[in-house]
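**Q**
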């Protein structure tokens, strides 16, 4: 038995109206809710949605970025088809308001967990496929990822801040560069991390980000600017 949710609001958010609303309900059903209520979870839809997402994002990159080499296209796809990007899509469209999660998960804000929200996007993509085919999936994926793909394609040939910092500091010989996460705050679904970069034990800079990697990159960027 499903809780009452006005899924038409979510349909408006994602720009797609389902012919079979049960497909959407299934896509939004986490295993914790499925177990409690003896209904199907979204795990199998998520499995298929992952493949559809990879294929259609690859097709978009192939058709729109002909100058990229095969290895560069792979890097761009890996940058945008990831948990972080999918979470952003789910957050943008307020998926958390419509997810069916079990009581224990809800007590820990399971409907806001990054992995659960990201997985639900893949499941919704598969639900769209079963509802009306690849065209609807493609529109949703392109609408939500084209800007991320554009940015990733522009940065694909560039060295990241950590690599540049390491190369700059190692010009004069071997050095010990270390990154530490010294602080994290905020709820599980919206954490902020503070990272510190040290050179031979001396702090060069601190950085902040929504992931540990982003925080380390920010610290490296700030260290480069102070050198």
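Residue numbers (the numbering used here): 71 to 297. Yeah, the Cβ is synthetic: ideal placement off N, Cα and C, and Gly gets one too. Keep in mind it's a predicted model, so treat the numbers as computed, not measured.
List the whole-angstrom C-beta distance separating residue 189 from residue 116, where the pair is believed to meet the contact cut-off of C-beta under 8 Å.
**A** Indeed, because the Cβ distance is near 5 Å, the residues count as touching under 8 Å.
**Q** Write down the C-beta distance between residue 81 and residue 172 rounded to the nearest angstrom, noting that I regard them as a contact closer than 8 Å.
**A** Residue 81 to residue 172, Cβ: 24 Å. No contact.
**Q** Confirm, please, whether the CB-CB distance from residue 112 to residue 193 is below 7 Å.
**A** Yes, Cβ-Cβ distance for residue 193 and residue 112 is below 7 Å.
**Q** Residue 263 lies in the beta strand (DSSP E); which residues open and close that run?
**A** Unbroken beta strand (DSSP E) run through residue 263: 262-269.
**Q** Give me the Cα-Cα distance between residue 76 and residue 281, rounded to the nearest whole angstrom.
**A** Computed Cα separation, rounded: 32 Å.
**Q** Ends of the alpha helix (DSSP H) at residue 240?
**A** Looking at the DSSP string, residue 240 is not in any alpha helix (DSSP H), and its letter there is neither H nor E.
**Q** So, for residue 96: in the same chain, excluding its five sequence neighbours on each side, which residues have a beta-carbon less than 7 Å away from its beta-carbon?
**A** So the list reads 110, 112, 115 and 197, once near-sequence residues are dropped.
**Q** Helix, strand or coil for residue 180 per DSSP?
**A** Of the three classes helix, strand and coil, the one that applies to residue 180 here is helix, per DSSP.
**Q** Here's a check: name, in chain order, each residue in its chain whose Cβ is nearer than 7 Å to the Cβ of residue 22, leaving out the five neighbours to either side.
**A** Since the displayed the chain opens at 71 and closes at 297, residue 22 lies outside it and no answer follows.
**Q** Could you check the C-alpha separation between residue 226 and residue 108 for me, to the nearest Å?
**A** About 46 Å.
**Q** If residue 287 sits next to residue 230, beta carbons under 8 Å apart, how far is it from one beta carbon to the other, in whole angstroms?
**A** Contact holds; Cβ gap of about 6 Å.
**Q** In three-state terms, what does DSSP make of residue 151?
**A** Coil.
**Q** Who are residue 255's beta bridge partners in DSSP?
**A** Per DSSP, 262.
**Q** So, are the CB atoms of residue 150 and residue 219 less than 7 Å apart?
**A** Cβ distance < 7 Å, so residue 150 and residue 219 count as in contact.
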